[in-house]
Ligand code: NAD
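Residue numbers (my numbering): 3 to 474.
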C-alpha cells in the first residue's frame, strides 16, 4: 500500500516547515505566519434556467500582517477549501517576495465556467460579490480580488459594478478589485503581466553563467526549448513573450484536449488563433499529437512550464521528467514528494511564489492607480519628451551632426502607462530574483530555490509582525 499523497495545502505547509526549520524565528511567530487567519465558506442559490442551483464558494484571508489582503478568484469544478487555503498562503509569501505590501488571500467558486453561459456566470459572480460585501470580505482597504484560473477581466468588471452598486460613494471604490478592463479603471499591461513575469524570471536564471553552466547549458535564452502545459492566460503570454522577446523555441503545448509537438518550434500566436476558431489545439499544421496527453512531462527540453493547475508533477510521473529547468507558472504544480525526486535529478525549479508573481505586482500598480485616480505617466510624459528633444537639439547644434528621425523618436519619447508598468514589473522580477539567489548561494543549508524563496518571504513577513509589535 502506498502512502497517502499530501494535499495541496499540506504540501505548502511541508515546504514552509522545511524553510522555517532554517530560521531562528520564535515558534509562536512561525505558527502565526503559517496559519490561515480567516476562512469564509459560503453557499448561495443562483437561478440557472428554471431551477435553482446551490453554489459552493470560498474566500480565504491567510494573513493580515498587511492590509488589504490580495489574491485571485478561481472558477473550477475542482475548487475546495484545502485548495483555496493553499493558494491564499502562497499569496502571502508571493507578495512579500516581490515587496507588494499586501497580505495573502484567495477566492474560489466551485463551478466549471464551460458549463454556464455568460449570463449565468454574471449572475453567479454578482451574487458571490454580494456575499463578500455582506461579510466585509471585499474593499480597497480590506481585501482585493483579481483574476485566476477560469476568470478574467470580464468577471472583474462584474465584481466592480456590483461593488459600486452598494458602495459607489466610497472615493476609492474602483480599487476593490484588480485585473479590470482598461476602460473600466484597469491598467495597461495587466492581462499579460503574469506571463511576462514568468518570462523575466526564466530570463534571469539563464543570465547567470555559473548556474546555467552547471546544467550543461549555455547562458542566455536564445534557442532554448520550452514545453508548456495550459494555453490560458498565463501559459499563452509566457509562450508568446518568451519566443518573441527571448528567442525561445516552444516545441510542445499541452491542453485539455491533448498534447502537440513540433521540434522546429510552434508559432504560439497562430496556435492561439487556431484554438479559438477550432476549439482545440489538435490538428495545428506542422504538429503531431502525442498518444497520451499527460506525456508532456516526459518531453526532452530545456524549460518545462506547467501553467494549468496544481499537483501536475507528482511522485508517479516526476521520474520521467527530462527538462533541465521547471518554471512554475501555475501555483503548486509540483507536489512536495515530486520535488524531492526532481531535485535529486539535478533539475532547477523556479518556484511559483516568485515565478508567477508578475500578476500581483501589476495588480498592485493597478490598485495604486485607482487610489491616485490618475493614469501613470500623465504628469511627466510631456516634460520628459520636451526635455529630451531640447537636449537632442543642443547636441545636434554642438556637433553639427543630426540624429535620424527614428532614433530621435526613440530617444525623445516619454513613457506611457504600459512602458512604466513593464519597467516596474521587470525591475521587481529582477530584484526579487537577486534576493532569492543571494540566499540560495550564501546559505549552505539551503539546497533549493523554493526554500530560498520561502526564507526571503519569511524574513519580511516576520519583520512586519515585529514592527506591528505583535511579536516584540
Ligand atoms: P486560465 O483559466 O486562463 O488557463 C488555464 C488553462 O489550463 C486552460 O486553458 C485550461 O484548459 C488548461 N488546463 C486545465 N487542465 C489542464 C490539463 N490537465 N492539461 C492541460 N491543460 C489544462 O488560468 P490562468 O489564469 O492562466 O491560471 C493558470 C495557473 O496560473 C493557475 O495555477 C493560477 O493559479 C496561476 N496564476 C494565475 C495568475 C493570473 O494572473 N491569471 C497569476 C498567478 C498565478
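Backbone N, C-alpha and C fix where the C-beta goes; we use that ideal spot for every residue, glycine too. All figures in this text were calculated on a predicted structure; none of them were measured in a lab.
Exercise for the section: Answer with buried or exposed for residue 413, where buried requires no fewer than 16 other C-beta atoms within 10 angstroms of its C-beta. Expected result: If you number the chain shown from 1, residue 413 lands on position 411. Residue 413 comes out exposed.
Handout entry: Same chain, Cβ closer than 6 angstroms to residue 454, five either side skipped, listed in chain order
Key = One-based indexing of the chain shown puts residue 454 at position 452. These residues qualify, in order along the chain: 438, 441, 442, 448.
Handout entry: residue 74 versus 370, 104, 48, 45, residue with shortest Cα-Cα distance
Key = Numbered from 1 along the chain shown, position 72 holds the residue referred to as residue 74. Cα-wise, what sits closest to residue 74 is 104.
Exercise for the section: Out of 18, 26, 120, point me to the one whose CA is closest to residue 50's CA. Expected result: Position 48 of the chain shown, counting from 1, holds the residue named residue 50. Among 18, 26, 120, the Cα nearest to that of residue 50 is on 120.
Handout entry: Completely contained beta strand (DSSP E) runs for the stretch 22 to 56, where each covers 3 or more residues
Key = 40 to 50
Handout entry: Terminal residues of the beta strand (DSSP E) in which residue 108 lies
Key = Taking the first residue of the chain shown as 1, we reach residue 108 at position 106. First-last of the beta strand (DSSP E) with residue 108: 105 to 111.
Problem - Terminal residues of the alpha helix (DSSP H) in which residue 421 lies - result: Taking the first residue of the chain shown as 1, we reach residue 421 at position 419. 419 to 444 is the span of the alpha helix (DSSP H), which, as asked, contains residue 421.
Problem - Span separating the alpha-carbon of residue 22 from that of residue 171 - result: Start at 1 with the first residue of the chain shown, and residue 22 comes out as number 20. Start at 1 with the first residue of the chain shown, and residue 171 comes out as number 169. Near 44 angstroms, if we compare the C-alpha coordinates of residue 171 and residue 22.
Practice task
Determine the contact status of residue 356 and residue 102, defining contact as a CB-CB distance below 9 angstroms.
Solution key: The residue labelled residue 356 in the question sits at position 354 within the chain shown. The residue labelled residue 102 in the question sits at position 100 within the chain shown. Cβ atoms of residue 356 and residue 102: not closer than 9 angstroms.
Handout entry: Continuous alpha helix (DSSP H) stretch holding residue 176: start and end
Key = By one-based count along the chain shown, residue 176 stands at place 174. Premise fails: residue 176 is in no alpha helix (DSSP H) and is neither H nor E.
Practice task
Could you tell me which residues DSSP puts in a beta bridge with residue 290?
Solution key: Position 288 of the chain shown, counted from the first residue, corresponds to residue 290. 263, per the DSSP bridge assignment.
Problem - Three-state secondary structure assigned by DSSP to residue 256 - result: The count along the chain shown starts at 1 and reaches residue 256 at position 254. Reduced to three states, the DSSP call for residue 256 is strand.
Exercise for the section: May I have a chain-ordered list of the alpha helix (DSSP H) segments no shorter than 4 residues that lie completely inside the stretch 169 to 247? Expected result: 195 to 209, 211 to 215
Handout entry: Burial state of residue 323, where buried means 16 or more other Cβ atoms lie within 10 Å
Key = The residue you call residue 323 lines up with position 321 of the chain shown. Result: buried.
Exercise for the section: List the DSSP bridge partners of residue 71. Expected result: For the purposes of this step, residue 71 is identified with residue 69 of the chain shown, where counting begins at 1. Beta-bridge pairing links residue 71 to 105, 145.
Handout entry: Separation of residue 456 from residue 91, as counted between CA atoms
Key = Looking up residue 91 in the chain shown gives position 89. Looking up residue 456 in the chain shown gives position 454. Residue 91 and residue 456: Cα-Cα distance of roughly 11 angstroms.
Problem - Within 9 angstroms, strictly: CB atoms of residue 196 and residue 235 - result: Locating residue 196 in the chain shown gives position 194, where the first residue counts as 1. Locating residue 235 in the chain shown gives position 233, where the first residue counts as 1. A contact, by the Cβ cut-off of 9 angstroms.
Exercise for the section: Tell me, to the nearest whole angstrom, how far the beta carbon of residue 15 is from that of residue 39; I am working on the premise that it is less than 8 angstroms. Expected result: Stepping through the chain shown from its first residue, residue 15 is reached at position 13. Stepping through the chain shown from its first residue, residue 39 is reached at position 37. So it is not a contact: roughly 15 angstroms between Cβ atoms.
Handout entry: CA nearest to the CA of residue 294, picked from 259, 305, 160
Key = Stepping through the chain shown from its first residue, residue 294 is reached at position 292. The option with the nearest alpha carbon to residue 294 is 259.
Problem - Distance between residue 445 and residue 313 (C-alpha atoms, nearest Å) - result: Residue 313 sits at position 311 when you count from the first residue of the chain shown. Residue 445 sits at position 443 when you count from the first residue of the chain shown. Cα-Cα distance, rounded: 29 angstroms.
Handout entry: Nearest residue (CA-CA) to residue 173, options 465, 372, 424, 472
Key = Reading the chain shown from its first residue, position 171 is the one you call residue 173. The candidate whose alpha carbon is nearest that of residue 173 is 372.
Exercise for the section: Run the proximity test for residue 127: is its beta-carbon closer than 8 angstroms to any non-hydrogen atom belonging to the ligand NAD? Expected result: As a working mapping, residue 127 is identified with position 125 in the chain shown. Checking every heavy atom of the ligand NAD against the Cβ of residue 127, none is found closer than 8 angstroms.
Problem - Contact test: residue 76 Cβ vs the ligand NAD heavy atom, cutoff 8 angstroms - result: Along the chain shown, one-based indexing puts residue 76 at 74. Yes, the Cβ of residue 76 comes within 8 angstroms of a heavy atom of the ligand NAD.
Practice task
State the Cα-Cα distance for the pair residue 128 and residue 110, rounded to the nearest angstrom.
Solution key: For the purposes of this step, residue 128 is taken as the residue at position 126 of the chain shown. For the purposes of this step, residue 110 is taken as the residue at position 108 of the chain shown. Cα to Cα, residue 128 sits roughly 14 angstroms from residue 110.
Practice task
Return the chain-ordered list of same chain residues with a C-beta closer than 7 angstroms to the C-beta of residue 159, the five sequence neighbours on each side being excluded.
Solution key: As a first step, residue 159 is located in the chain shown; it is residue number 157 there, counting from the start. Taken in chain order, the residues that qualify are 182, 183, 186.
Handout entry: Helix, strand or coil at residue 283 according to DSSP, with G and I counted as helix
Key = Translated into positions along the chain shown, residue 283 becomes position 281. DSSP places residue 283 in coil when its eight states are reduced to three.
Handout entry: Of the residues 415, 405, 433, the one placed nearest residue 389, counting alpha carbons only
Key = In the chain shown, residue 389 corresponds to position 387, counting from 1. Nearest of 415, 405, 433 to residue 389, Cα basis: 415.
Handout entry: For residue 162, the residue or residues it bridges with in DSSP
Key = Residue 162 sits at position 160 when you count from the first residue of the chain shown. Paired residue(s): none; residue 162 is not in a bridge.
Exercise for the section: Would you check whether the ligand NAD has a heavy atom nearer than 8 angstroms to the C-beta of residue 311? Expected result: For the purposes of this step, residue 311 is identified with residue 309 of the chain shown, where counting begins at 1. Yes, the Cβ of residue 311 comes within 8 angstroms of a heavy atom of the ligand NAD.
Problem - For residue 11 and residue 206, the rounded distance between their alpha carbons - result: Within the chain shown, numbered from 1, the residue matching residue 206 stands at position 204. Within the chain shown, numbered from 1, the residue matching residue 11 stands at position 9. Each residue's Cα considered, the two are about 29 angstroms apart.
Exercise for the section: Could you tell me if the beta carbon of residue 292 falls within a distance shorter than 8 angstroms of some heavy atom in the ligand NAD? Expected result: By one-based count along the chain shown, residue 292 stands at place 290. Residue 292 Cβ: outside cutoff for every heavy atom of the ligand NAD.
Problem - Residue span of the beta strand (DSSP E) that contains residue 306, given as start and end - result: Start at 1 with the first residue of the chain shown, and residue 306 comes out as number 304. 305 to 308 is the extent of the beta strand (DSSP E) around residue 306.
Practice task
Provide the residue(s) that pair with residue 364 in DSSP beta bridges, ordered along the chain.
Solution key: The sequence position of residue 364 within the chain shown is 362, counting from 1. BP columns for residue 364 are empty, so no partner.
Exercise for the section: Run the proximity test for residue 202: is its beta-carbon closer than 8 angstroms to any non-hydrogen atom belonging to the ligand ZN? Expected result: Among the ligands present in this structure, namely the ligand NAD, the ligand ZN is not found.
Practice task
Using 8 angstroms as the cut-off, classify the Cβ of residue 89 as near or not near the heavy atoms of the ligand NAD, replying yes or no.
Solution key: Within the chain shown, numbered from 1, the residue matching residue 89 stands at position 87. Flag set: Cβ of residue 89 near the ligand NAD.
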